[in-house]
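S.K.: Mapping of the first sequence onto my numbering: residues 1 to 224, in sequence order.
Let me give you the structure first, and then I'll get to my questions.
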Amino acid sequence: MNKIYKIYNLLLEKYGTQGWWPFLGIGYHKGDYKYPKNSDQIFEVALGSILTQNTTFLSVVKSLDNLNDIGCITSKTIKSMEIDKLKECIKPSGYFNQKADYILNFIEFYDSLNGKIPTREELLKVKGIGEETADSILLYGYNQSQFKIDAYTKRLLLELGLIEQKAKYKDMKVLMEDSLKEMITDEEDLRIVYQECHSLIVEHGKQYYSKKPYGIGCFLKSKF
DNA sequence: AACCAGGACGTGA
DNA sequence: TCACGTCATGGT
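The structure is reproduced here in structure tokens:
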């Protein structure tokens, strides 16, 4: 058993399954990995993935609620609304000018897919979608085995001495994916482990890797 | 009051 | 390629 897989199991043992992605009106869905259940929910993941850039998901929920309250949470309805109205709705999530632009860029791309699953490369061409957002959309929206790296993951791996400070996104992604692939052969199981592992790191990170100095009280430190 | 949140992009070295 | 500035609201 490699270190990453061990970390995953320790986190799972401590926090239990997370059931990401949290959907509007449903929340988390522990034990049911058959989400998203329709194209509107796939779009909701993408929308949330863009809105959550450098902000808390709580503020994203506020923005999504604002859109939902006026019946504008689908790609079609957002496309047809006034851009100023869109900006007003997503204001709680910050960077509303850029994010409104990013969302419209994504909708144009999303519509061109006609239901097809996008590749990572295609997503990265959309202005406003970087590596983390692309992986978020693929992992939680399309159930693809693409590990999502975030700030908490880097802090944790750094604190445990598993990467260097200069490590890039791809370095961490390869480490996480290769380590977990080594233990899981079934593709469906792998995607679920990617989802759970990332969300577990976020849960753990919220508690021990939010404020400096990072890692105070982290139970994983004594095990590596 | 300072710092950070489930980042991405543009710029100049 | 890399370091840095910018984007913006909201909670602690």
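Idealized CB from N, CA, C, for every residue including glycine.
1) Closest to Val61 by CA distance: which of Lys34, Arg120 and Lys91 is it?
2) First and last residue of the alpha helix (DSSP H) that includes Met183?
3) For Ile7, count neighbouring Cβ atoms within 10 angstroms of its own Cβ and tell me buried if that reaches 16, exposed if not.
4) When burial is assigned at 16 or more other CB atoms within 10 Å of the CB, is Ile231 buried or exposed?
5) To the nearest angstrom, report how far apart Met1 and Lys14 are at their CA atoms.
6) Buried or exposed: Asn259, going by 16 or more other Cβ atoms within 10 Å of its Cβ?
7) Within this structure, are the beta carbons of Ile4 and Leu175 separated by less than 8 Å?
8) Our contact map puts Leu190 next to Leu180 with C-beta atoms below 8 Å; I'd like the distance itself, whole angstroms only.
9) Just confirm the distance between the C-beta atoms of Lys85 and Phe96, as a whole number of angstroms; I'd bet it's less than 8 Å.
10) Can you check which of these residues, Leu104, Lys154, Thr133 and Pro36, is closest to Thr77 by C-alpha distance?
11) Which first and last residues belong to the alpha helix (DSSP H) in which Ile201 is found?
12) Give me, in chain order, the residues of the same chain whose beta-carbon lies closer than 7 Å to that of Glu81; leave out the 5 immediate sequence neighbours on both sides.
13) Report the rounded CA-to-CA distance for Thr17 versus Thr153, giving the unit in angstroms.
14) Per the DSSP calculation, Phe224 is bridged to which residue(s)?
15) Could you compute how far the alpha carbon of Pro22 sits from the alpha carbon of Lys166?
16) Could you name the residues of the same chain whose beta carbon sits closer than 6 Å to that of Leu124, not counting the 5 residues immediately before and after it, in chain order?
17) Could you compute how far the alpha carbon of Tyr194 sits from the alpha carbon of Ile83?
18) Would you mind stating whether Ile137 and Ser63 have Cβ atoms separated by less than 8 Å?
M.R.: Taking the geometry as given:
1) Numbered from its first residue, the first sequence carries residue 61 at position 61. Answer by Cα proximity: Lys91.
2) Walking along the first sequence from the start, residue 183 turns up at place 183. From DSSP, the alpha helix (DSSP H) with Met183 extends over Tyr169 to Met183.
3) The residue labelled residue 7 in the question sits at position 7 within the first sequence. Classification of Ile7: buried, given that the 10 Å Cβ count is 16 or more.
4) Outside the displayed span of the chain (1 to 224) sits residue 231, for which this structure offers no information.
5) Indexing the first sequence from 1 puts residue 1 at position 1. Indexing the first sequence from 1 puts residue 14 at position 14. Approximately 18 Å between the Cα atoms of the pair.
6) Nothing about residue 259 can be read from this structure; the chain reaches only from 1 to 224.
7) In the first sequence, residue 4 corresponds to position 4, counting from 1. In the first sequence, residue 175 corresponds to position 175, counting from 1. Taking the C-beta atoms as reference points, Leu175 is found nearer than 8 Å to Ile4.
8) Here the question's residue 190 lines up with position 190 in the first sequence. Here the question's residue 180 lines up with position 180 in the first sequence. Contact annotation, Leu190 with Leu180: C-beta distance approximately 7 Å; criterion of less than 8 Å satisfied.
9) As a working note, residue 85 is residue 85 in the first sequence. As a working note, residue 96 is residue 96 in the first sequence. With a Cβ gap of about 11 Å, Lys85 and Phe96 do not count as contacting.
10) As a first step, residue 77 must be located in the first sequence, where it is residue number 77. Nearest in C-alpha terms to Thr77, of all of Leu104, Lys154, Thr133 and Pro36, is Leu104.
11) In the first sequence, the residue the question calls residue 201 occupies position 201. That run of the alpha helix (DSSP H) goes Glu187 to Tyr208.
12) Residue mapping note: residue 81 aligns to position 81 of the first sequence, counting from 1. A quick correction: the sequence has Met, not Glu, at residue 81. So the list reads Cys72, once near-sequence residues are dropped.
13) Counting from one through the first sequence, the residue named residue 17 turns up at place 17. Counting from one through the first sequence, the residue named residue 153 turns up at place 153. Here the alpha carbons of Thr153 and Thr17 stand approximately 18 Å from one another.
14) Looking up residue 224 in the first sequence gives position 224. In the DSSP output, where bridge partners are listed per residue, Phe224 has none listed.
15) Numbered from its first residue, the first sequence carries residue 22 at position 22. Numbered from its first residue, the first sequence carries residue 166 at position 166. Computed Cα separation, rounded: 32 Å.
16) Within the first sequence, the letter at position 124 stands for residue 124. The beta carbon of Leu124 lies closer than 6 Å to those of Ala134 in the same chain, with the five residues before and after it left out.
17) Counted from its first residue, the first sequence places residue 194 at position 194. Counted from its first residue, the first sequence places residue 83 at position 83. Computed Cα separation, rounded: 35 Å.
18) For the purposes of this step, residue 137 is taken as residue 137 along the first sequence, with counting starting at 1. For the purposes of this step, residue 63 is taken as residue 63 along the first sequence, with counting starting at 1. If you check the CB distance, Ile137 and Ser63 do not come in under 8 Å.
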